[in-house]
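This note's numbering puts the sequence shown at residues 92 to 280.
Ideal Cβ placement from N, Cα and C applies to all residues, glycine included.
Shown next, in structure tokens, is the structure this report addresses.
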Amino acid sequence: MIPVEVTGISISPPYQGYVVILKEKDGEQWLPIFIGATEAHTISLLIQGLKYVRPLTYDMFHSLLESASCQVNRVEVTELKENTFYAIIYLDTVNGERQIDARPSDAIALALKTEAPIFVAPEVFTEAGMRGEVVQTEAAIPTTEDRLLELNRRLKEAVEQEEYEAAAKLRDEIKQLERVQDEQRENPS
């Protein structure tokens, strides 16, 4: 397995989708993995050391692991099948090491939260890795404002389509994100 670090989030212009960039620690290879906007925002917050007011999924999972006396040992991006990446989270438990299948974005977020090392299988780098300088821009990282714009757009659509349950969830997420934004303004890092 090849040790990597998360160097950032970028945007893929042809698809307008987000990618998390994993760069080989002692080499020139890097691996772009497509992820959703929500996952990009989550990983971006972790990279920047920011928190939501209320716990996100990776926070909850981390708390559950701690309460069960488990630790994240490492995360591995193990396979690429039919353009889909696969990952495994390795846990140290009271009963020995355990493995959990996960989406790479979730595994990466948990690794960042717990400061666990991240690895990529050599064959994944062979199949999908790139060499040379990683090209990314700060503007590509989904900001809180970007996320709020997207959520408000989705809220408007949900109301127009009379999907009130979805609209209520979006409204709650918007309120939570606005609280985070207010906290960031009050306590800039």
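Y177 sits away from E188, with the two beta carbons spaced by 8 Å or more. No Cβ-Cβ contact shorter than 8 Å links V111 with I93. Contact annotation, D183 with N164: C-beta distance approximately 5 Å; criterion of less than 8 Å satisfied. In the three-state reduction of the DSSP assignment, S101 falls in the strand class. Of the residues K116, L137, L201, the one whose Cα lies closest to the Cα of Q162 is L201.
When only Cα atoms are considered, E96 and K114 end up about 5 Å apart. Remark: C-beta atoms of T169 and A207 do not approach each other more closely than 8 Å.
A straight-line Cα-Cα distance of about 18 Å links R194 and W121. Under the three-state reduction of DSSP output, N243 falls in the helix class.
No Cβ-Cβ contact shorter than 8 Å links P146 with S158.
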